[in-house]
Amino acid sequence: MMAIRELKVCLLGFHSLAPMYYRGSAAAVIVYDITKQDSFYTLKKWVKELKEHGPENIVMAIAGNKCDLSDIREVPLKDAKEYAESIGAIVVETSAKNAINIEELFQGISRQIPPLDPHENGNNGTIKVEKPTMQASRRCC
Ligand SMILES: Nc1nc2c(ncn2[C@@H]2O[C@H](COP(=O)(O)OP(=O)(O)OP(=O)(O)O)[C@@H](O)[C@H]2O)c(=O)[nH]1
1152 MMAIRELKVC LLGFHSLAPM YYRGSAAAVI VYDITKQDSF YTLKKWVKEL
1202 KEHGPENIVM AIAGNKCDLS DIREVPLKDA KEYAESIGAI VVETSAKNAI
1252 NIEELFQGIS RQIPPLDPHE NGNNGTIKVE KPTMQASRRC C
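Quick look at the structure:
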């Protein structure tokens, strides 16, 4: 059983995001598509953005989505693991379609986030997940 607190976790997808989505976040999930090499390059831009402008000590988790399509994979898991290790991020291959490794992803994140003082932070045992709205999700790079 995880110890989960009131946390803000932002989900960074294949599209652009405004800093308002990661400001104040304890963790960021950066998603790429294992069947599209370009999405892996884009992921690296998000990591750079987070490192330069994101909260200090933000937990970064990389989700290689569409693992149900591994027969048409373009990004080897080895590449993702090596990159994740180089930046100190969690990496998990997921399938949003088949609900594979989604729980594992968030469990991994919860293990990385340092505990808050429940008296100071109004701990109510929840994680708040934010994703950019359509308006903010225009491709920028
Ligand atoms: N096979 C498969 N398809 C998926 C998965 N996740 C999303 N999709 C499909 O991929 C397409 C894009 O999904 P969206 O949720 O719109 O994702 P997006 O961030 O807009 O991604 P892109 O349009 O691919 O850049 C949709 O047709 C989804 O049904 C997955 O895990 N497996």
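Its first residue numbered 1152, the sequence shown is counted upward by one per residue in the working numbering.
Glycine residues also receive a C-beta, built at the ideal position from the N, C-alpha and C atoms.
Since the model is a prediction, treat every value here as computed from it, not as a measurement.
Boundaries of the beta strand (DSSP E) around VAL1242: 1241 to 1244.
Residue environment: ILE1260 is assigned as buried (16 or more neighbouring CB atoms within 10 Å of its CB, all protein chains considered). Of the residues ILE1181, ILE1264, ILE1251, SER1176, the one whose Cα lies closest to the Cα of GLY1205 is SER1176.
When secondary structure is reduced to three states using DSSP, ALA1177 falls in the coil class, being assigned neither helix nor strand. It is roughly 16 Å from the alpha-carbon of ASN1249 to the alpha-carbon of ILE1223. The three-state reading of DSSP puts ILE1264 in coil, since its state is none of H, G, I, E or B.
Secondary structure note for ALA1212: its beta strand (DSSP E) is the uninterrupted segment 1210 to 1216.
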